[in-house]
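The structure under discussion appears below in the form of structure tokens.
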Amino acid sequence: MQREGSSPWRGLLGAWAAALLYCLALPLVGAGAAHAQSSNRITGIEVRGNQRTEAEQVLLVITSTKGQPIDRETIAKDVKKLFGLGLYEDIRVEAEQSEDGYRLIFIIKERPAVASVEVEGEDEIKEKEILEAIDISENSVFTEQKLEDARRRVLKLYEEEGYFIADVEVKREFDSSRNQVSLRFVISENAEVQVRRVEFVGNEVYSDEELRNVTGILTKERNWLSWIGSDGKYREELFKQDMLVWTFFYHDHGYLEVEFGDPIIELSRDRKELFITVPVTEGPQFTIGEVNVRGDLLWPAEEILEPVETKPGTIFSRSKIIADADKIANRYADESYAFANVTPIPRTYEKDGQHLVDLDVVIDKGNKFKVGRIIIVGNVKTRDNVIRREMRLAEGEDYNRTKLEKSKQRITRLGFFEAVNYSPERIPGSYDHVNIKIEVTERPTGSINVGAGFSSLDQFFAQAQISQANLFGRGHRMELQAQVGGRLQSFSFSFTNPRVMDSYWALGFSVFALRRQDVNFDREQHGGSVSIGYELSELWEPLEDVSAGLALGVTRIRIRDQSFAALSTPPGTINPDTLTTSLTLSISHDTRNDRIEPTRGMYHAASVEFAENLFDLSRDTNDFLRYSLKGNYYYELPLNFVLVGKWNYGLLDRRERSDPLVQERFFGGGPNNLRGFNARSVGPYQNNSGQLFLLGGDKEFYSAVELLISTPWTDKVNLRPVVFFDAGDVYGDNEHLFSSILLDAGVGLRWRSPLGPIRFEFGWPLNNNYEHTGRTSVNGPVFQFLIGQLN
């Protein structure tokens, strides 16, 4: 846009012009003064033309005063001072002669005031940010220079966001009666410029491709997925961060003298694409010479340096040096030196053609500290005691960083918080006590889901679920679920207090009712259970992550399809109405970082269920032993990917009963098992006169490998794409474990929705076993849907 208005010299020229005009007229005044010396004085000073400026403000600035002799130099300086205020567009000085002297009249023309500032056409950048860049407030003095500077700042703001062909036009509306101007910034954003190529000049050790793919680089070249994510977008501030990342990358590989020049940014002819060239001078690679430690040594130097990775002869690595310093500081922190300072000091030199770095590690241990107060912030819903009872460090104890880190892990593992952080804070005036600040960011822990669907197994169904993992902020778990469908009707309610009265005891109960039409028999079940649990760390510290539990369950089972009685396998007849009373002993080891959405750690569990006529009841009871083993493993990968491994083994011992116990046998398939097969459709089948009967098995094995994928566009909406591979089967009485293996693979989505966790998965069977699937061929895919569970 062509700039309007005068140059920046306008005010200065105006000042000198006014002074010159006055000086030309001054000889007349001088002649009168020679004629009458007594009348060569200022009799008064008047200000005219001012609208917003008070006359007193002008009089306070000028030096000329009533009663002093009139002086041309003084008046010229006064005019210059007034112009220097930036408030006036024009200033004239007139002198009215009288018998007593001269009356000075300062005639001023004020610059317009800004009545309003508006923005039009903005879309990609918020109006608030644009107004901050304009930086012209209402009622401020208007100048063309201010306006041009504001326009340039807005263009710069758009360039920083990747809009290099944006245009800004400023429209003015003058109100001469009020001497005001209204400003309207009309913005044409045009298309966002895409980064077509990022190149490097001068790099020899690392290729352009390697540098473009360095972890942490935010500026990516345009690709076919750019319309979904942020690839291809240019942001000046982000590119400055990228320059720091590249510098750190070189430092991390021993190139301490690397230098990056200013990037050269070029637009394509059509101004739609951006080409960035980064000059780089890599310099020599440095190797570690000597590593020494000095200062406050609590242990021999060799012992302090033993766990560090930075050794003589290794390539200099800044990240390793930082990590090594943290290791040493953490060891001191475990001895209550909360603010121990470990400073690595590098010294570079050249010897025999080698570029070396000697490292001096200076330790200042500071004072020992005890824990003063534990301050918890950020918990809006969760009560303080729910967090405090997970602490492994109490007020008044010696400060210990390992215990603090373990406390953080336990609090995070609750699954109630997006983030958990801690920091020691000095207490003013205290040299031996430190407060511990625990800062948490809560996340939704409850869900309300109502839905309907159709599956080949359950046909049409409707379901509702209410669950809360942090009921009333007390850490209690509650779940209420109901489902109605063509083949399944169910209801269940459960409640667990994991820390009764903040102790290590857990107490829970559940009730349920179920009616299911399985592949070839119908069953009804209703019952409940009471359970207790205990964290074994209270008994022995090495059992920190181990818990044991005992549950008493009572279930009534009715089998309504008597066609099973005609089958030769399993032997015997089915009792249509039985009762199961059982005790289940379980033990688990849990190091997962989050129980709802884990990304690292492992979970192991083992249980034995003993079912017998525990209460000496007169009715028929089911007698059996059920053994279960399972393990889940979570590994964090680069790019926030997570690798998950799972396995599960189950064994049913019918204790020589003739009843096949079809209601207790194992059936494979479904969202938590072989996902390429329908729920409860996998197991030994028997062909009876051309009709297939699913018998179920007394042994099962299941394993899975999953890859949870992270992308910028899915992370924003709490979605996790997943690919998986399953292997396993269910085995009959006379079959050996692993005598056959069914395989499937698939893809899915894990969604932490505002209403709770939801899983969607499609599984394709990769092989078939007619005797275990009832299928004559491999079919697929099978859709699996699960509410309330992410893993």
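Residues in the sequence shown are numbered consecutively from 45, following the working numbering. Idealized CB from N, CA, C, for every residue including glycine. A quick note: this is a predicted structure, and the numbers were derived from the prediction, not measured.
If residue i and residue j are in contact, beta carbons under 8 angstroms, what's the gap, nearest whole angstrom?
{"i": "residue 86", "j": "residue 111", "result": "7 angstroms"}
{"i": "residue 672", "j": "residue 650", "result": "7 angstroms"}
{"i": "residue 772", "j": "residue 786", "result": "6 angstroms"}
{"i": "residue 237", "j": "residue 278", "result": "6 angstroms"}
{"i": "residue 816", "j": "residue 774", "result": "7 angstroms"}
{"i": "residue 554", "j": "residue 530", "result": "The Cβ separation is near 26 angstroms, so there is no contact."}
Using only CA atoms, which one of the options lies nearest to residue i?
{"i": "residue 281", "options": "352, 354 and 205", "result": "205"}
{"i": "residue 159", "options": "776, 133, 208 and 226", "result": "226"}
{"i": "residue 492", "options": "279, 526 and 459", "result": "526"}
{"i": "residue 183", "options": "222, 664 and 263", "result": "222"}
{"i": "residue 454", "options": "642, 792, 129 and 400", "result": "642"}
{"i": "residue 652", "options": "413, 597, 403 and 261", "result": "597"}
{"i": "residue 694", "options": "681, 670 and 714", "result": "670"}
{"i": "residue 371", "options": "537, 385 and 359", "result": "385"}
{"i": "residue 399", "options": "406, 436, 360 and 379", "result": "360"}
{"i": "residue 410", "options": "552, 207, 779 and 475", "result": "475"}
{"i": "residue 674", "options": "639, 757 and 745", "result": "745"}
{"i": "residue 431", "options": "546, 394, 447 and 338", "result": "546"}
{"i": "residue 327", "options": "89, 298 and 339", "result": "298"}
{"i": "residue 109", "options": "440, 130, 146 and 132", "result": "146"}
{"i": "residue 136", "options": "441, 121, 144 and 153", "result": "153"}
Report the rounded CA-to-CA distance for residue i versus residue j, giving the unit in angstroms.
{"i": "residue 190", "j": "residue 165", "result": "21 angstroms"}
{"i": "residue 468", "j": "residue 334", "result": "33 angstroms"}
{"i": "residue 302", "j": "residue 631", "result": "55 angstroms"}
{"i": "residue 568", "j": "residue 735", "result": "23 angstroms"}
{"i": "residue 313", "j": "residue 322", "result": "20 angstroms"}
{"i": "residue 78", "j": "residue 84", "result": "Bear in mind that a pLDDT of 43 at residue 78, under 50, signals an unreliable position, so the model cannot answer this."}
{"i": "residue 55", "j": "residue 126", "result": "Reliability fails at residue 55, whose pLDDT of 47 lies under 50, so the model's placement of it is uncertain and the value that follows must be treated cautiously. Distance between the alpha carbons of residue 55 and residue 126: 10 angstroms."}
{"i": "residue 239", "j": "residue 309", "result": "10 angstroms"}
{"i": "residue 613", "j": "residue 699", "result": "Note on residue 613: pLDDT 47, under 50, position unreliable in the model; no value is reported."}
{"i": "residue 203", "j": "residue 761", "result": "28 angstroms"}
{"i": "residue 155", "j": "residue 99", "result": "16 angstroms"}
{"i": "residue 720", "j": "residue 691", "result": "16 angstroms"}
{"i": "residue 532", "j": "residue 824", "result": "23 angstroms"}
{"i": "residue 247", "j": "residue 423", "result": "50 angstroms"}
{"i": "residue 725", "j": "residue 799", "result": "30 angstroms"}
{"i": "residue 343", "j": "residue 349", "result": "10 angstroms"}
{"i": "residue 582", "j": "residue 826", "result": "46 angstroms"}
{"i": "residue 123", "j": "residue 104", "result": "13 angstroms"}
{"i": "residue 550", "j": "residue 580", "result": "12 angstroms"}
{"i": "residue 676", "j": "residue 168", "result": "45 angstroms"}
{"i": "residue 437", "j": "residue 654", "result": "40 angstroms"}
{"i": "residue 265", "j": "residue 253", "result": "11 angstroms"}
{"i": "residue 117", "j": "residue 138", "result": "15 angstroms"}
{"i": "residue 600", "j": "residue 590", "result": "32 angstroms"}
{"i": "residue 283", "j": "residue 263", "result": "6 angstroms"}
So, with DSSP's three-state summary, where would you put residue i?
{"i": "residue 718", "result": "coil"}
{"i": "residue 128", "result": "helix"}
{"i": "residue 421", "result": "strand"}
{"i": "residue 299", "result": "coil"}
{"i": "residue 841", "result": "Here the chain has residues from 45 to 835 only, and residue 841 is not among them."}
{"i": "residue 285", "result": "helix"}
{"i": "residue 70", "result": "Note that residue 70 has pLDDT 45, beneath the 50 cutoff, so the model's placement of it is unreliable and the number below is only indicative. Residue 70 falls in the helix class under three-state DSSP."}
{"i": "residue 680", "result": "strand"}
{"i": "residue 474", "result": "coil"}
{"i": "residue 388", "result": "strand"}
{"i": "residue 208", "result": "coil"}
{"i": "residue 825", "result": "coil"}
{"i": "residue 545", "result": "helix"}
{"i": "residue 526", "result": "strand"}
Looking at the unbroken beta strand (DSSP E) that takes in residue i, where does it start and where does it end?
{"i": "residue 645", "result": "645-655"}
{"i": "residue 739", "result": "From DSSP, residue 739 is part of no beta strand (DSSP E); its letter is neither H nor E."}
{"i": "residue 660", "result": "No beta strand (DSSP E) contains residue 660, which DSSP labels as neither H nor E."}
{"i": "residue 162", "result": "157-164"}
{"i": "residue 87", "result": "86-92"}
{"i": "residue 756", "result": "Counting along the chain, residue 756 falls outside any beta strand (DSSP E), though it belongs to the alpha helix (DSSP H) covering 756-759."}
{"i": "residue 692", "result": "686-697"}
The ligand SAH and residue i: does the residue's C-beta get closer than 6 angstroms to at least one heavy atom of that ligand?
{"i": "residue 340", "result": "The ligand SAH is not part of this structure, which contains no ligands at all."}
Which residues bound the alpha helix (DSSP H) around residue i?
{"i": "residue 635", "result": "Note, residue 635: premise wrong, no alpha helix (DSSP H); not H, not E."}
{"i": "residue 550", "result": "From DSSP, residue 550 is part of no alpha helix (DSSP H) but of the beta strand (DSSP E) over 549-561."}
{"i": "residue 102", "result": "99-105"}
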